[in-house]
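Colleague: Take any residue in the sequence shown, note its place counting from 1, add 64, and you have its number in our numbering.
Every residue gets a Cβ at the ideal spot worked out from N, C-alpha and C, and that includes glycine.
Mind looking over this structure? Questions follow.
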Amino acid sequence: METGAHETLVREPQKTKMIPRLKDYGREMATQGLKPARIRNGVARRFGLTEKEMLMLCQVQWLVSSYSKKNLHRNDDYDEILSQIEQLAYGPTVSDTKPFSFGWKRDAHGRPDVGNGSDEKPFLVGLTTKRLLLNAARDPDSFVFHMDATFKLNQVGYPVIVCGISDKCRSFHLVALFITSQYWRTFT
Numbered sequence: 065m066e067t068g069a070h071e072t073l074v075r076e077p078q079k080t081k082m083i084p085r086l087k088d089y090g091r092e093m094a095t096q097g098l099k100p101a102r103i104r105n106g107v108a109r110r111f112g113l114t115e116k117e118m119l120m121l122c123q124v125q126w127l128v129s130s131y132s133k134k135n136l137h138r139n140d141d142y143d144e145i146l147s148q149i150e151q152l153a154y155g156p157t158v159s160d161t162k163p164f165s166f167g168w169k170r171d172a173h174g175r176p177d178v179g180n181g182s183d184e185k186p187f188l189v190g191l192t193t194k195r196l197l198l199n200a201a202r203d204p205d206s207f208v209f210h211m212d213a214t215f216k217l218n219q220v221g222y223p224v225i226v227c228g229i230s231d232k233c234r235s236f237h238l239v240a241l242f243i244t245s246q247y248w249r250t251f252t
């Protein structure tokens, strides 16, 4: 084992600085939902950067994460999501066009109990407005109720269940959306 001061004439490679135009491009691509690796490759192509000049992946990941959380409100932090759901909880002052959240049960504080995403307590939250609910306030013989799930449309890949009706003119009218962490299929 050697001790003492060591010196070298070789300089450590420096990270490419994130100049404003690279940041702007990265933010634009993050807004479109692109992953950090694709953004990094896009920056290299768009600005003609060599391998040595390219940004490190961790730099792009930090930019995308920071921008997405602060500006796009994309967040998979459970407490932050619960806070957003609580802010949208249904109450007597909700206007006809303001979205509100709801769940199957309420907790001890009267807030929607949406679960935590585990198998025992699956995450489930509904979103709608009073005006959308009025779409279903009609004679049941005059419409067909539809329920369909879409996948990978949100950041964590949770299924989104779309509920709506189609009238005799075959027009679809949205009633509510549900986001859930589980997908069950029952065959009978």
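Any chance you could list the alpha helix (DSSP H) runs of at least 4 consecutive residues sitting entirely within the segment 100 to 184, in chain order?
Modeller: Runs of the alpha helix (DSSP H) inside the segment 100 to 184: 100 to 111, 121 to 134, 142 to 151.
Colleague: Where does residue 80 sit, in a helix, a strand or coil, going by DSSP?
Modeller: Note: residue 80 maps to coil in three-state DSSP.
Colleague: Only counting the same chain, and skipping five residues up and downstream in sequence, which positions put a Cβ closer than 7 Å to that of residue 100?
Modeller: Contacts found: 121, 124, 125, 128.
Colleague: What does the Cβ neighbour count give for residue 239, buried or exposed, with the cut at 16 atoms within 10 Å?
Modeller: It counts as buried.
Colleague: Could you give the first and the last residue of the continuous alpha helix (DSSP H) run that contains residue 197?
Modeller: Residue 197 -> alpha helix (DSSP H) spans 194 to 198.
Colleague: Considering residue 214, what are the terminal residues of the beta strand (DSSP E) in which it resides?
Modeller: Element bounds for residue 214: 207 to 214.
Colleague: Determine contact between the segment 150 to 158 and the segment 98 to 118, defined as no fewer than three beta-carbon pairs at a distance below 8 Å.
Modeller: No: the two stretches stay apart, fewer than three of their Cβ pairs being nearer than 8 Å.
Colleague: Once DSSP output is grouped into helix, strand and coil, what is the label at residue 73?
Modeller: Residue 73: coil per DSSP, three-state reduction.
Colleague: Distance, Cα to Cα, residue 229 vs residue 146?
Modeller: Going from the Cα of residue 229 to the Cα of residue 146 covers about 29 Å.
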